[in-house]
Structures are given as C-alpha cells and as structure tokens.
Amino acid sequence: MRYFVDPALCAAHGQCAAVAPDVYDLDDEGYNALVGKHVDVPPELEASARAGAVACPESAIFVDEDGSV
Numbered sequence: 001m002r003y004f005v006d007p008a009l010c011a012a013h014g015q016c017a018a019v020a021p022d023v024y025d026l027d028d029e030g031y032n033a034l035v036g037k038h039v040d041v042p043p044e045l046e047a048s049a050r051a052g053a054v055a056c057p058e059s060a061i062f063v064d065e066d067g068s069v
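Here it is as structure tokens:
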C-alpha cells in the first residue's frame, strides 16, 4: 500500500496527523511533511493510513492498495 498527498489540495488542516500520527507527520507550517511524495506504508500501519486519508477534509490524500500510485 502507498499514499500520496496532493500538494494542490493539502490545506494544512492537520486532520491526517491527528487521526494517524504514526503515519502522517506535519512540517513547521502544518502541511503534511511528505506532500507530493509517494509513501510506502508498512502492513501494520495500513489501517491508520486509511483512517488519516478519510479524515482529510480536502480529500488530498490518495491511498492505493496495490502500491501503484
């Protein structure tokens, strides 16, 4: 599984990190620290990654179950 945070959509609400701090980190300005990067998620954190993506009010986080994103 992978996730991608779209830099054009991320508005620094921080909900991803509030719900899943073990997956999503924020930078000093409150944006996802890995915005614009494809991030592999270890199997034990996949549920947290999904929850963080669902929590994003801008729908800026895209999760791909097969890792092709």
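Sequential numbering from 1 applies to the sequence shown in the UniProt record's numbering.
We put the CB at the ideal spot given by N, CA and C, even for glycine.
Predicted model, so just to flag it, every value in this text is computed and none were measured.
**Asked** In chain order, what residues of the same chain lie with their CB nearer than 6 Å to the CB of residue 51, ignoring the 5 residues before and after it?
**Response** Taking residue 51 as the centre and dropping the five residues before and after it, the same chain places the C-beta of 19 and 20 closer than 6 Å to its C-beta, in chain order.
| Length of the line joining the Cα atoms of residue 46 and residue 16 | If I take the Cα positions, the gap works out to 13 Å.
Applying the 10 Å Cβ sphere with the 16-neighbour rule, what's the burial state of residue 53?
Buried, since its Cβ has 16 or more Cβ neighbours within 10 Å.
Neighbourhood of residue 40 by C-beta distance below 6 Å, restricted to the same chain and skipping five residues each side: The answer, listed in chain order, is 2.
Practice prompt. Taking the CB atoms as reference points, tell me whether residue 59 and residue 22 lie closer together than 8 Å.
Written response: No, these two residues do not count as a Cβ contact at 8 Å.
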